[in-house]
Structure formats: C-alpha cells, structure tokens
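Novice:
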Amino acid sequence: MLYCMHCTYHDRCSMMDENILPSPPRPARLRRLWTPLLLLLLAVGVRGWYFATAPHGMQFTHVDAQGYHWLARNLLEHGVYSMNTEPPLRADNVRAPLYPLFVAANYAIAGPAPDFVALIHILIDALTVIVAFRLGCCLGGQRVGRLTGLLYALNPSSWRFCNELLTEILFGFLLTTAVWMFARYILRGRDRDALRCGVAFGCAILCKPNIQFLPLALLLILIHGVTTGRRRWWRGAALMAGVIGVMLAPWFIRNRVVFGEWFYTRTFDDNLAHVSAVAMLARLRGEAVAPWSTRWEELYAEIVGETAVRYGWESVPEATLSTRARDARLQQLKAVTGKLLRAHPMAFLVSHTRWWLWSFVPQEHKFWYTHLTGQSWEALAVPGDVFGAALKSLAQGQVAAAWDQVVGERWRALPPLALGLWAGWGAMYALGGVLAAVGAWRLRPRLLSLFLLAVIFYVTFIPGPISQIRFRLPVIPLILLLIVTAVSCTARRGVGTRD
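Here's what the structure looks like:
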C-alpha cells in the first residue's frame, strides 16, 4: 500500500503497528527476506565490479583522504590523533573522530591498506541499500521500498565513493538509519525508536561534524508534537537529546584537555576562512575562481597575511608551533574572517547560495567517461560548462543563443558515448528534481516530508562553495525516496481513475 496524500494518518499507524498486526506465517516471512537479500547481492555485485575495474590507488584521489589515512596511522603507530606525516605530531581539532577510528580499526586488521577499507565500504553501502528499502517500506509500503532500494543499489556515484577513503559512505549509512528510526518514532511513538535515532544521529555527528546542528530541527519537531497533543513526545525528545549529548561528551572533554577550551570541532572555523571568505572575496572582485586552485590559495593567503599583521604573528615555521598555539592562530583567523563576512553579508550569502545551486549541475558524466574509455573529458576539447552558459543566456532572454550552446557546441561536438553520458545525466537530474518536489508534496505525514526536505537542504547547503556530488551522496537515498513516492502516487491515482 502506498501512503500518499490520499491516506489518513490513523490508517497508516493502525496498519503498521507491529503490536497490533499478527505475525505473518513463517513461509511468508521467509519470502519477505528475498527482496532485501536480492538487493544486497545486487549492491555488492555492482560495487564490486567497479572496485575490480578501478585503477589501483583511487582511494587517494581526494586530498582529504590523505588526512584520514594519516590520522588512522598516527593513532595506531603513535597514539596521537594527528594528520602530520612526520614529527612533531600535533593533535588535530578539525576532523571528527569516528571515521579515522573506523579506518584505524581496518588498518589494525589488514595493515595500512586502503583497498581493504574500500571493500568494507562496499558492505556498508550495501547495508545502506537495505536501510533505504526499509525506510521506503515504512513510509510508502513494499513497492516504494523495493524501488527506492533498487535505485540506490544502481546509483553510480555510490559505486565510485565506495572506493575512496572518505567519510561519505559511512556517514550516508548512519544518516539514512537515523532518518529511518525517526520516521518509525513519528509513526509509532515508541521510545526504543527514539533511542535508536539518538544513537544513529550521535554516530553521524561524530562521523561528519557538518550536521552537528541538525538535531536541533529534530527536537523542534518533537516539541511541536507535544504542543499538538501527543503528550509522550517529550520523552522522545529527551531520549534523543540525552543520547546524542552522552555520545559527544568524550570528544568535548578531550578537546578541553588538549586545547584548553570546550568545543566539538573547529571544522566550521577552518572552512569559514579557507572556503566561505575566499569565495566571497572572489565574487567581490569579479573573479571566477575554482576551489583549491592556485588563485584560490592566493586569496586565502591574503586573509592569513592580514591576520598575521593584526595579531603580530612571529615569523617562525608552522611546524614549530605547539598544538594550542596553532589553535589560537585559527581562532584569530576566524575573528578576522568573521569581521570580513559581516562587512559584506549579501556578497557572502549570494556567493554561498550560488555555489550551492551550481553543485546541482551534472558533473559525474566526466568521471564515468574517463573511467570507461581511459580518455579524460578535457581531451575532448569542448566547452566545459555548457549548461551554465545556457542558463546565463536564458536569464538574459537569449533563447537562440542558449539553444546553440547546448545543441551546437555540445550535441554535435561529442562522440556518441560522451554525448549519451552527458545528455543522460542532464535528463536524470532535471526529471529527478521535478519528481522529488512532487514526492515531497505528496508524502504524508507532512511532518516527515518537511523533515526530509530539511535534512536534504541542510546537508547539501552547508558546504556552499565546495558543494559537489560528494556532499550530496549521503542524502541520495532520501532524494530517491521522494522521487519514488511521486511516481508511485501518480501510478496509484492513475489506477484509481481507470477503475
């Protein structure tokens, strides 16, 4: 059964309450295992195929992977949570602890072998497929669950990131699990689901600090439940907040001992200076600067130089600074950056939002063309951002120019495989965006629909100038669920019309 806008909340709760419905006969229960088992095998198979065909050493494609690698090695070999590749090893305060501990656990089993971590990623992401299936079943019935799990199992972006030493696969599993448990609590009101939700969200925050403020929205939703008559919801709010607090407390204490201050992570402080302020400066000066390019680092160096002058930094090698001295400099850099952003709030907001919207322009076709052919996309010598140029032309009312940019500069210039990948990804993104919006409108209860949208927006918007498919990957199961909900609701209404 599909729970869309035509279904009542009471009907859903009564049908899904495991304490009321009798247990199905044993053969029926066994038959129900076939769907998750087949989804699991499919997920492992396609991810295993990509792992087997990918070039060796792909785990270190992204610079962040090196940081996680050395955090894990230094933990095992020196007992220090540090990204330094050589002494002195200074404690890190930017990276959250769970993923480095996960990598270190794998290294303890198989040695410093990123390939082994990639294999474990495959298993974890296969479990995310099952969680997406169960979440879909919880909100829309078996058909929605099966299709959501199938689409995520076949999601090429997941195959790719299983083979990279990054947080996204583990974080995506934890976040999807947390949302599933939250949905169960909203629909059934059971304290044990609230407890599980708190554990999953706590682990997710320990894995990726970007979502450390997301549970505030979760608690506001639960408080809303109290004010609208569901008197027991305060227990769920207390359980979730308490569990998350207990899980984060050891890391707060560690930072107090090591750095002398109470905080969870300096991730936002670092990104504020190295990402947000740089992007804003580029916009103010009318420059188109790619993240982490040479010009990007030059703009960042200007901010660092201004901070050094303002606070009278000594000209000493950074390697000689103590752990606390480095943290003090980061706080001074944050102060200068904050003043700069407050001086130009609209430029900051526009820059951040523009980069976030730009991240939804398809880029994956370039990676897969290179993977399938061995030839880089840049070697095709075609204009790089045709979609972006066409959108600018449309915004200026130049429809003919936009058509010529898409058809003339890209359609006729690309070889068949490149054209198919480019057009296919563009069509999927466009259709997926429309269907996800329709699914969010049709999904009930409205409270869960709004929460799914809040999670998707929060996770993708926070990175801003460095937003890309990597940061969208953890919420892809939620986006696919909304897409499937739209399709299923439309199909169900069509059947009803014919009947």
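Residue numbers (the working numbering): 1012 to 1510.
For every residue, glycine included, the Cβ atom is placed at its ideal position computed from N, Cα and C.
(1) Can you tell me which of the three DSSP states leucine 1032 falls into?
(2) Considering only the beta carbon of each residue, do serine 1370 and glutamine 1223 sit closer than 7 Å?
(3) Closest to valine 1140 by CA distance: which of Leu1150, Ser1169 and Phe1279 is it?
(4) Report yes if the C-beta distance between cysteine 1214 and threonine 1178 is below 7 Å; otherwise report no.
(5) Thinking C-alpha only, which one of Glu1329, Leu1459, Ala1465 and Arg1058 is nearest histidine 1132?
(6) Does DSSP put aspartate 1204 in a helix, in a strand, or in coil?
(7) Leaving out the 5 sequence neighbours to the left and right, which residues in its chain are closer than 6 Å to leucine 1491 when beta-carbon positions are compared?
(8) Measure the alpha-carbon distance for arginine 1154 versus leucine 1489 and round it to whole angstroms.
(9) Just to confirm, are glycine 1152 and phenylalanine 1144 a CB contact at a threshold of 7 Å?
(10) Just checking my contact of isoleucine 1255 with isoleucine 1197 at CB under 8 Å: how many whole Å lie between their CB atoms?
(11) Do the stretch 1283-1293 and the stretch 1306-1321 touch if we need at least three Cβ pairs shorter than 8 Å?
(12) Return yes when the Cβ of alanine 1107 is within less than 7 Å of the Cβ of valine 1269, no when it is not.
(13) Span of the alpha helix (DSSP H) holding valine 1268?
(14) Note down the Cα distance separating leucine 1032 from serine 1093, rounded to an integer number of angstroms.
(15) Pull up the distance between the alpha-carbon of arginine 1201 and that of glycine 1090, whole angstroms please.
(16) Please state whether the Cβ-Cβ distance between phenylalanine 1127 and alanine 1121 is less than 7 Å.
(17) Could you check the C-alpha separation between arginine 1321 and leucine 1100 for me, to the nearest Å?
(18) Leucine 1176: buried (16+ other C-beta within 10 angstroms of its C-beta) or exposed?
(19) Give me the Cα-Cα distance between arginine 1455 and leucine 1461, rounded to the nearest whole angstrom.
(20) Are alanine 1205 and leucine 1230 closer than 7 Å when you measure CB to CB?
(21) So, helix, strand or coil for threonine 1019, using DSSP?
(22) What is the rounded straight-line gap between the Cα of lysine 1377 and the Cα of leucine 1464?
(23) Valine 1142 and threonine 1188 - do their beta-carbons sit closer together than 7 Å?
(24) Aspartate 1281 and valine 1105: beta carbons closer than 7 Å?
(25) Sorted by chain position, which residues of the same chain lie with C-beta nearer than 7 Å to leucine 1391's C-beta, five sequence neighbours on each side aside?
(26) Using a threshold of 7 Å, state whether the C-beta atoms of leucine 1186 and proline 1485 are closer than that.
(27) Isoleucine 1264 to phenylalanine 1274, Cα distance in whole Å?
(28) Is the beta carbon of threonine 1276 closer than 7 Å to that of proline 1220?
(29) For leucine 1292, which option in His1363, Ala1119 and Pro1427 has the closest C-alpha, if you only look at C-alpha atoms?
(30) Buried or exposed: tryptophan 1303, going by 16 or more other Cβ atoms within 10 Å of its Cβ?
(31) So, using beta-carbon positions, are alanine 1129 and phenylalanine 1062 closer together than 7 Å?
(32) What do you reckon, are the CB atoms on leucine 1493 and alanine 1447 nearer than 7 Å?
(33) Rounded to the nearest angstrom, what separates glutamate 1317 and valine 1495 at their Cα positions?
(34) Under a Cβ-count criterion, where at least 16 other Cβ atoms within 10 Å of its own Cβ denotes burial, should serine 1499 be classed as buried or exposed?
(35) Based on Cα-Cα distance, which residue from Pro1066, Leu1050 and Ala1336 lies nearest to leucine 1383?
(36) Just to confirm my understanding: we take tryptophan 1191, look at its own chain, exclude 5 residues before and 5 after, and list those with CB closer than 7 Å. What are they?
Specialist: In this structure, then:
(1) Note on leucine 1032: pLDDT 46, under 50, position unreliable in the model; no value is reported.
(2) no
(3) Ser1169
(4) no
(5) Arg1058
(6) helix
(7) Thr1159, Leu1162 and Tyr1163
(8) 16 Å
(9) no
(10) Not really, about 17 Å apart at Cβ, beyond 8 Å.
(11) yes
(12) no
(13) 1244-1270
(14) Legend: pLDDT at leucine 1032 = 46, less than 50; position of this residue unreliable, value from coordinates given subsequently. Their Cα atoms are separated by approximately 52 Å.
(15) 41 Å
(16) yes
(17) 28 Å
(18) buried
(19) 10 Å
(20) no
(21) Confidence at threonine 1019 is low in this model, with a pLDDT of 39, below 50, so its placement is unreliable and the value that follows should be read with caution. Threonine 1019 falls in the coil class under three-state DSSP.
(22) 28 Å
(23) yes
(24) yes
(25) Leu1425 and Ala1429
(26) yes
(27) 9 Å
(28) yes
(29) His1363
(30) exposed
(31) yes
(32) yes
(33) 51 Å
(34) buried
(35) Pro1066
(36) Val1142, Arg1145, Leu1146 and Cys1149
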